[in-house]
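>
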Amino acid sequence: MAKPYNFKTIETKWQRIWEERDAFRVTEDPGQPKYYCLEMYPYPSGKIHMGHLRNYSIGDVVARYFRMRGYNVLHPMGWDSFGLPAENAAIEHGLHPATWTYDNIAYMREQLKRMGFSYDWGREITCSEPDYYRWNQWLFLKMYEKGLAYKKPAFVNWCEECQTVLANEQVEGGRCWRDESEVIQKELEQWFFKITAYTEELLEGVDQLPGWPDRVKTMQRNWIGKSVGAEVNFPLVNGESPITIFTTRQDTLFGATFMVLAPEHPLALQLGEGKADVQAFIKRMRAEDRVVRTAADTEKEGVFTGAYAINPLTEEKIPIWVANFVLLEYGTGAIMAVPAHDQRDFEFAKKYHLPLRVVIQPEEEGLAAEALAKAYEDEGVMVNSGPFNSLPSPEGREAVVRFLEERGIGKGAVNYRLRDWGISRQRYWGTPIPIIYCDQCGTVPVPYDDLPVLLPKDVEISMKGGSPLAKVESFVNVWCPTCRGPARRETDTMDTFVDSSWYFLRFCNPHARDRAVDEPKVAYWMPVDQYIGGIEHAVLHLLYARFFTKVVRDLGLVPHSEPFVNLLTQGMVCKETYRCPTHGLRFPQEIDPQGRCTECAHPVEIGRTEKMSKSRKNVVDPDDLLKRYGADTARLFSLFAAPPEKDLEWSDKGVEGAFRFLNRVYRLVDSWADELSRPAAPISFNDLTVGRAVHQKAHLTIKKVTEDLDRDFHFNTAIAALMELVNVLGQFELRGDPAEEAERRYVARFAVETLLVLLAPFAPHVAEELWERLGHGSSIFEESWPVYDATVIEREEILVVVQVDGKLRSRIFLPAHAGEDELRTAALEDSRVQTWLQDKQVKRVVVVPKKLVNIVTARL
RNA sequence: GCCGGGGUGGCGGAAUGGGCAGACGCAAGGGACUUAAAAUCCCUCGGGCCGCAAGCCUGUGCGGGUUCGAGUCCCGCCCUCGGCACCA
174 MAKPYNFKTI ETKWQRIWEE RDAFRVTEDP GQPKYYCLEM YPYPSGKIHM
224 GHLRNYSIGD VVARYFRMRG YNVLHPMGWD SFGLPAENAA IEHGLHPATW
274 TYDNIAYMRE QLKRMGFSYD WGREITCSEP DYYRWNQWLF LKMYEKGLAY
324 KKPAFVNWCE ECQTVLANEQ VEGGRCWRDE SEVIQKELEQ WFFKITAYTE
374 ELLEGVDQLP GWPDRVKTMQ RNWIGKSVGA EVNFPLVNGE SPITIFTTRQ
424 DTLFGATFMV LAPEHPLALQ LGEGKADVQA FIKRMRAEDR VVRTAADTEK
474 EGVFTGAYAI NPLTEEKIPI WVANFVLLEY GTGAIMAVPA HDQRDFEFAK
524 KYHLPLRVVI QPEEEGLAAE ALAKAYEDEG VMVNSGPFNS LPSPEGREAV
574 VRFLEERGIG KGAVNYRLRD WGISRQRYWG TPIPIIYCDQ CGTVPVPYDD
624 LPVLLPKDVE ISMKGGSPLA KVESFVNVWC PTCRGPARRE TDTMDTFVDS
674 SWYFLRFCNP HARDRAVDEP KVAYWMPVDQ YIGGIEHAVL HLLYARFFTK
724 VVRDLGLVPH SEPFVNLLTQ GMVCKETYRC PTHGLRFPQE IDPQGRCTEC
774 AHPVEIGRTE KMSKSRKNVV DPDDLLKRYG ADTARLFSLF AAPPEKDLEW
824 SDKGVEGAFR FLNRVYRLVD SWADELSRPA APISFNDLTV GRAVHQKAHL
874 TIKKVTEDLD RDFHFNTAIA ALMELVNVLG QFELRGDPAE EAERRYVARF
924 AVETLLVLLA PFAPHVAEEL WERLGHGSSI FEESWPVYDA TVIEREEILV
974 VVQVDGKLRS RIFLPAHAGE DELRTAALED SRVQTWLQDK QVKRVVVVPK
1024 KLVNIVTARL
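Sequence positions in the first sequence follow the numbering used here and run 174 to 1033.
1. At a cut-off of 8 Å, would you count K800 as near the ligand SAH, judging by its Cβ distance to the nearest heavy atom?
2. By DSSP, does P776 sit in helix, in strand, or in coil?
3. For P659, is the classification buried or exposed, using 16 other Cβ atoms within 10 angstroms of its Cβ as the cut-off for buried?
4. Which two residues bound the contiguous alpha helix (DSSP H) that contains M281?
5. Going by the CB atoms, is the gap between L798 and A871 shorter than 9 Å?
6. Curious, which full-length beta strand (DSSP E) runs of at least 3 residues does the stretch 798 to 886 contain?
7. From D352 to E334, what does the alpha carbon distance come to, in whole angstroms?
8. Assuming K1016 contacts A1031 under a Cβ cut-off of 8 Å, what Cβ separation, rounded to an integer in Å, is found between them?
9. Considering only residues of the stretch 918 to 1003, which uninterrupted beta strand (DSSP E) runs meet the minimum length of 3 residues and lie entirely inside it, listed in chain order?
10. Sort I582, T421 and E489 by Cα distance to G504 and report the nearest one.
11. My assumption, with CB atoms under 8 Å, is that M241 sits in contact with S957. Please give the rounded CB distance.
12. Would DSSP call Y305 helix, strand or coil?
13. Would N791 and E749 qualify as a contact pair, given that the criterion is a beta-carbon distance under 9 Å?
14. Classify A544 as helix, strand or coil using the three-state DSSP reduction.
15. Report the rounded CA-to-CA distance for R590 versus A469, giving the unit in angstroms.
16. Under the rule that 16 or more other beta-carbon atoms within 10 Å means buried, what is D414, buried or exposed?
17. Please state whether the Cβ-Cβ distance between V532 and L545 is less than 9 Å.
18. Checking 9 Å against the spacing of the C-beta atoms, do A435 and L361 come in under that value?
19. Give a yes or no on whether the C-beta atoms belonging to E735 and G232 are separated by under 9 Å.
20. Could you spell out where the beta strand (DSSP E) holding V587 opens and where it closes?
21. I'd like the list of long-range same chain contacts for F760, defined as Cβ closer than 6 Å, with 5 residues on each side in sequence excluded.
22. Of the choices Y244, G243, K876 and A271, whose alpha-carbon is the least far from that of F255?
23. At 4 residues or longer, and completely inside the stretch 195 to 254: list those alpha helix (DSSP H) runs for me, N to C.
24. Note down the Cα distance separating P177 from D860, rounded to an integer number of angstroms.
25. Specify, as a first and last residue, the run of the alpha helix (DSSP H) that N395 falls within.
26. Measuring alpha carbon to alpha carbon, tell me which of E543, V977 and P215 ends up nearest T299.
27. What are the start and end residues of each continuous alpha helix (DSSP H) run of 4 or more residues lying completely inside the stretch 701 to 781, in chain order?
28. With DSSP as the reference, please indicate the residues paired to C611 in a beta bridge.
29. So, are the CB atoms of V173 and L730 less than 9 Å apart?
30. Does the count of Cβ pairs from the stretch 970 to 990 and the stretch 890 to 904 closer than 8 Å reach three?
31. According to DSSP, is K325 helix, strand or coil?
32. How is M174 classed by DSSP in three states: helix, strand or coil?
33. Would you call the stretch 594 to 606 and the stretch 631 to 643 in contact, with 3 or more CB pairs under 8 Å?
34. What three-state label does DSSP hand I596 in the structure shown?
35. I need the boundaries of the alpha helix (DSSP H) containing P258, first residue and last residue.
36. Would you identify the three-state DSSP class for M785, choosing helix, strand or coil?
Here you go:
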């Protein structure tokens, strides 16, 4: 008797079996090709959300697919468990960050298990555990030794909301990446990682990543921001040391009619000495919020210092200004202003009536300084430029560099936007920075033998008054490792992006007690063959991880330079929003089945489709999905609804469609299982009659699904192919003429087994269950991925499309081996084609073998 | 402003190296089964014309072009999403 598809029983059963068999544990095996499949590990914020579900469903298909293809697959999972939300929760709910974090981990681990993901849980890592973060400290000390970790006072991004510093990468449009509150600038003494030591390698490496999406590569290139130009020294009129400027347009040097310094530039105060307006301006600018000051639409503002420099090429005396639009951090903090050829300089010159000189002429028209409405920034021919006149600007740039270098007044130079990575955080729930300050010995690194510097448990957490660790005397007070005198510990903790910068290495040897990375194991597993995660880390995490990989390579710990061979950035999970005119945004459960607000019964408006988030109240809880439809449906829908790299629009109806499909599969196999478990002798394809088409379809499906997975993981079309196969099987009669019975059984069994094996990576539980139902004693995941038979797919008849003058006029069936001449003849003889050829003369016949004939005509 | 992605039925999306546009799913309509409903199964489903049907015209953001043939290639626009942005 047919049983209904009871996903709950099936899924619990197989999850238990997998766990009992430790089915996904892996160890290094040099005899097998390895495959490292990694999804970005989650921050344990409480519950798994739809983005995780999608991310991990994608990863699980990849992992299970490669396992079936015979690879030794490393597929680990862990927790990015240090971070600010734990502290916020501690303040709000009075829970210790550790309690909150570990409760969340326990819950989320169960959720992941209920999704049936094939992780090697024996490799689980938790960043907030001393056995993980001690290696953050170890790596920090190694970097400190090499000068790659250093402390300096700097203007840093301060988030008032988080009460801590943020790295440049963590500020998005002047706002905190986490809570979107405004970021201000503060001058603080901070620890930095010298990512700029690897700038050029990080940039060039981007070109060696064919498996990364262009988008991400572009974003990394933009972030690194390489500019090629020149540094030029402008002597001061009163003879003091010259001002060095950076420019990418040294071909416009003859047009430099004034100079501008950043307000923070040391010379600015000096040159403006005794001039009250200058001092006041500088003071005002330094106090002003830097995000506002450096915004593109802020009005340009400046003041003349009273001092002059000499343009080294024209030898003219030019005034030196201080202005808000010049930044100390970029280049040398000083610029030459060429108002005719730089829009910013142009606007500034117009405002303060400074002179313009045209030194680049476009090919066609002639520019006149007085008539310019805006700066001419394009290429052209150099004019008013002494010996360089009539040189095209690109060559001009090279010629000017040579000229500067010959005379020792400048040189070719490269500038980058990338800054060093500020890692100090004035928060509790992070890795303590292993540094001790001693009055006698200065800054002393904690000896390696004293690691880990444990994060104390008893801490009062508040968002006010600086780092919580500073108030823990037992932590702060320490004996200096060098002189044994009293000393103080560093109380800042590390940016939690440090943890994720190398966790992929730790997964290779999660239990190594005496080292961060076990070199032979890492050498076996690394690099990550497929990395999967959200686009939001295109710069942040992915840049830091690349940097760390190069650092550990130079420490001799790993042989490779790039951590992730292939990167898949999955799209966001989106859903429409609902708004009630009186009660604002509504959660889906706050709307009745008639589409009305549960508060006031007013119909809700359907708003635009946006990324799922609590603030937009358009979230769907994976727990509900799991309860109603099960893990296989949840997985299948998230993979079917859109290609992985595109945004996925949530659809309750679509989920039901996925559920219906699995039900159909279940019913189909279940209803045939008894008969199919009786043996059926294989039949040669040539002898197949009633089952021929079904058998071909099974082979075609193998081909299609395999190719779709191999070609950028097109899960949606692979699943569509499985649906087609099920549709075909749904039409197939297992019982018929007794003479055909053996063939029908053979063909059906082959097709059903093929279907289940191909479906297994997507919907593993139901595939296992039905596989067992067919009488198999072992797991379906012990099957190897099927291979299609090309001779079966090879059709004996093919459909040839016939066009007349490019328009489809007829379709004809021809033997597959038909040659060009046969195609042409058959097409011309076709009766439908004939009617279209009346009154026309055949001018030309284009024949595409096995596909198409196009008859080109001329009117008679 | 610069850089990158995208624009295909009512909707999500297919079309892999220029060769049948709309696979698969959802929604919708009709039918079967049922006392009824759900579930399931079958049929229709870009637009238009004619219609019993066969068929014809048209259609992939817009305008040009290349080609026997363009959703796909080229040129010029429009719209949209994302990144960067006073970066010298």
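The beta carbon of each residue, even a glycine, is placed where N, CA and C say it ideally should be.
Straight from the coordinates:
1. Absence of the ligand SAH from the depicted structure is noted, as is the absence of any ligand whatsoever, leaving it without description.
2. strand
3. Counting of Cβ neighbours within 10 angstroms places P659 among the exposed residues, the total staying below 16.
4. Start and end: P270 to R287.
5. Not a contact, by the Cβ cut-off of 9 Å.
6. none
7. 8 Å
8. 5 Å
9. Within the stretch 918 to 1003, the complete beta strand (DSSP E) runs of at least 3 residues fall at 970 to 977 and 980 to 988.
10. T421
11. 6 Å
12. helix
13. yes
14. helix
15. 16 Å
16. The identity of residue 414 in the sequence shown is Ser, whereas the question assumes Asp. Result: exposed.
17. no
18. no
19. In terms of Cβ geometry, E735 and G232 do not form a close pair [threshold 9 Å].
20. Looking at the DSSP string, the run of the beta strand (DSSP E) that includes V587 is G583 to N588.
21. Same-chain partners within the cutoff: K790.
22. A271
23. 223 to 241
24. 36 Å
25. N395 -> alpha helix (DSSP H) spans D387 to I397.
26. P215
27. DSSP runs (the alpha helix (DSSP H)) wholly in the stretch 701 to 781: 713 to 727.
28. G615 and A660
29. As displayed, the chain neither begins before 174 nor continues past 1033, which places residue 173 out of reach and without an answer.
30. The stretch 970 to 990, when compared against the stretch 890 to 904, does not touch it at the 8 Å Cβ threshold.
31. strand
32. Residue placement at M174 is flagged as unreliable, the pLDDT there being 42, under the threshold of 50; a coordinate-derived value is accordingly withheld.
33. yes
34. coil
35. L257 to H266
36. coil
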